[in-house]
Amino acid sequence: MKGTHLGEFEELVLLTIGILNDDAFGLAIKEELTKQTGRTPMISAVHKVLVRLEDKGFVKSHMGGATKERGGRQKRLYILTSDGKTAINRSRELRNKMWGSVPQVVWEGGKG
Numbered sequence: 000m001k002g003t004h005l006g007e008f009e010e011l012v013l014l015t016i017g018i019l020n021d022d023a024f025g026l027a028i029k030e031e032l033t034k035q036t037g038r039t040p041m042i043s044a045v046h047k048v049l050v051r052l053e054d055k056g057f058v059k060s061h062m063g064g065a066t067k068e069r070g071g072r073q074k075r076l077y078i079l080t081s082d083g084k085t086a087i088n089r090s091r092e093l094r095n096k097m098w099g100s101v102p103q104v105v106w107e108g109g110k111g
């Protein structure tokens, strides 16, 4: 497994693949990201991150069956690997630990 750190967009794409489960392909990932975050990523950015995540070993891809809706073309489908699941769990644990370390006074309008 090469490169274990996740950027924010990489993390969001991994989570989106988890949400979509067996139907995670480029356009569906882009649309679900928009639905979940309110952002509208470029499809090229999504594809670039998918390649990077596959290079890191966090996702695997395979070609799905051809469909009439796609003019007989196949879709490249993505699934989380065990390393990918570990990476997003580590990211969640780190964020939760850090959120838990912020003193309550910060939220109550203390110095700052």
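In terms of numbering that gives the first Met the number 0, the sequence shown is residues 0 to 111. The beta-carbon is built from N, C-alpha and C at its ideal position, and this holds for glycine as well.
So, is residue i buried or exposed, given that buried needs 16 or more other C-beta atoms within 10 angstroms?
{"i": "ALA86", "result": "buried"}
{"i": "ILE42", "result": "exposed"}
{"i": "THR36", "result": "exposed"}
{"i": "LYS74", "result": "buried"}
{"i": "VAL45", "result": "buried"}
{"i": "LEU52", "result": "buried"}
{"i": "LEU79", "result": "buried"}
{"i": "GLY108", "result": "exposed"}
Which partner residues of residue i appear in the DSSP bridge assignment?
{"i": "PHE24", "result": "LEU76"}
With a CB to CB cut of under 7 Å and the five nearest residues on each side skipped, what residues in its chain are close to residue i?
{"i": "VAL48", "result": "PHE8, GLU9, VAL12"}
{"i": "LEU76", "result": "ALA23, PHE24, SER60, HIS61, GLY63"}
{"i": "LEU90", "result": "Note on identity: in this sequence residue 90 is Ser, with Leu being the wrong assignment. Excluding residues within five positions, the ones whose Cβ falls inside 7 Å are LEU5, GLU10."}
{"i": "GLY17", "result": "LEU79"}
What first and last residue would you give for the alpha helix (DSSP H) that runs through residue i?
{"i": "LEU13", "result": "7-19"}
{"i": "VAL104", "result": "103-106"}
By Cβ distance, which residues of its chain are closer than 6 Å to residue i, with the 5 residues on each side in sequence left out?
{"i": "GLY83", "result": "LEU13, PHE57, VAL58"}
{"i": "THR15", "result": "ILE28, GLU31, LEU32"}
Enumerate in chain order the residues of its own chain whose CB-to-CB distance from residue i is below 8 Å, with the five nearest sequence positions on each side excluded.
{"i": "ARG38", "result": "LEU32"}
Any heavy atom of the ligand HEM closer than 8 Å to the beta-carbon of residue i?
{"i": "VAL101", "result": "With respect to the ligand HEM, the structure offers nothing, as it holds no ligand at all."}
Considering only residues of the stretch 56-88, which uninterrupted beta strand (DSSP E) runs meet the minimum length of 3 residues and lie entirely inside it, listed in chain order? With a minimum length of 3 residues, the continuous beta strand (DSSP E) runs that stay inside the stretch 56-88 are 58-62, 75-79.
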